[in-house]
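Residue numbers (the working numbering), protein chains in the order written: chain B, 6 to 209; chain U, 16 to 202.
C-beta: ideal position from N, C-alpha, C; glycine also.
Quantities reported herein were computed from a predicted structural model and do not represent experimental measurements.
Working notes, structure below.
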């Protein structure tokens, strides 16, 4: 029986518990499928290896919002990266801190240790490649000014990723830098998803 | 943790998505069974999870994942109704005539021992949807109106007629089995 069923809590006309209908609903038991449905789902989602991205949706965001978001990202993350990178490696007080899981790394690989971000993360690279391809295919549907803003912001995020990588070369175990790199990658994926969604809706 | 699985699945992790599926499948399957009947429920359940996979990146955590998935499932099922039913009947309109074909005119052919599932199967898709969403799943008329694109008043009138039809059927069954009519609450 559904967890959402709640006689008397709906807005109007709750069923009386003595009502034959309420009694029938109360006896309406849950069942399970007669077969394993997952195999069919799995086969179909393999056709869509990357979730979403190109589905149509009445969604939009303005170029100004993109500019603002990217500017904030650049200002904050670049500043923090610079500050952290300036610290001598020996002064890294966070070495005993919590484990930082870099984007896409399998959980079991951390083994309780601080991990270094995987620059050649296959999942991340594959997702970026797919999304960039979709964006290339769909970019003609976007206003050229919007394309310009998107490309500018992607470059800003790429620069942030590159800065984080360079800083990590000097301090590979730094938890902030690893977290920052993972966050920048996530932001890149998010921006690409937004952009491809925007393109798929023709910039609606 | 399931929340983590949703996050992982939204990043393309199919194994995490399978865990999400296993956790939510029974509820979605029974929603589909009640709304669309047992014959269509399995295929609809698969459709819902394929759609969820495609839409996961759009889930922003503004509601619980279970709520988001439930609403998505309702939309998938209603889309199916519309695809199958528009040529035969209006799905739901402000006119109340859609329920004039409700079971009262069909009782001669019906098995008097039918259960609620069988009785509901006799309702038009729109009335069935309103009844299941309101009386079984606990949606409000405003929410149902929003989902179906009709006014809350239309939802209420459809619910009223659906209940009347179902009571008629269930009372017939009870009368046949016990010789006494079942308890009834006038709307």
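Taking the Cβ atoms as the reference, residue 154 of chain B lies roughly 18 Å from residue 194 of chain B, outside the contact range of under 8 Å.
In its chain, beyond the 5 residues on either side, 135 have a beta carbon closer than 6 Å to the beta carbon of residue 143 of chain U. Residue contact with chain B for residue 90 of chain U: absent (no Cβ-Cβ distance below 8 Å to any residue of chain B).
Along the segment 58-79 of chain U, the positions whose C-beta sits under 7 Å from a C-beta of chain B are 60, 61, 64, 65, 68, 69, 70, 71, 72, 73, read in chain order. In this structure residue 47 of chain B is not in contact with residue 133 of chain U, their Cβ atoms being roughly 33 Å apart against a cut-off of 8 Å. Around the beta carbon of residue 158 of chain U, a 10 Å sphere encloses 16 or more other beta carbons of the protein chains shown; the residue is thus reported as buried. Contact check for residue 131 of chain U against residue 185 of chain U passes: the beta carbons are separated by less than 8 Å. Residue 44 of chain U reaches chain B at 36, 37, 38, 42, counting residues in chain order whose Cβ is nearer than 8 Å.
Contact annotation: in the segment 24-37 of chain U, residues whose CB is within less than 9 Å of a CB in chain B are 24, 25, 26, 27, 28, 29, 32, 33, 36, 37.
Annotation: the continuous alpha helix (DSSP H) that includes residue 205 of chain B extends over 180-205. For residue 40 of chain U, a Cβ of chain B is located within less than 8 Å of the residue's own Cβ. DSSP places residue 152 of chain B in the helix class (H, G or I) of the three-state scheme. With a threshold of 8 Å between beta carbons, residue 136 of chain B makes no contact with chain U.
Under the 8 Å criterion on CB atoms, residue 181 of chain U is classed as interfacial with respect to chain B. Nearest neighbour of residue 139 of chain B by Cα position, chosen from B/182, B/39, B/202, B/151, turns out to be B/202. Think of a sphere of 9 Å around the beta carbon of residue 131 of chain U: the chain B residues whose beta carbon falls inside it are 26, 29, 30, 32, 33, in chain order. No Cβ of chain U is located within less than 8 Å of the beta carbon of residue 192 of chain B. When secondary structure is reduced to three states using DSSP, residue 177 of chain B falls in the coil class, being assigned neither helix nor strand. The criterion of a C-beta distance shorter than 8 Å is satisfied by residue 59 of chain U and residue 91 of chain U. Here residue 152 of chain U is buried: its Cβ has 16 or more other Cβ atoms, across all protein chains shown, within 10 Å. The C-beta separation of residue 50 of chain U from residue 147 of chain U comes to about 5 Å, placing the pair in contact by the 8 Å criterion.
Within the model, the alpha-carbon separation for residue 146 of chain B versus residue 89 of chain U is close to 31 Å.
Residue 47 of chain B belongs to the set of residues whose beta carbon lies under 8 Å from a beta carbon in chain U. For residue 166 of chain B, not one C-beta of chain U is nearer than 8 Å to its own C-beta. By the C-beta density criterion, residue 180 of chain U is buried, having at least 16 other C-beta atoms within 10 angstroms.
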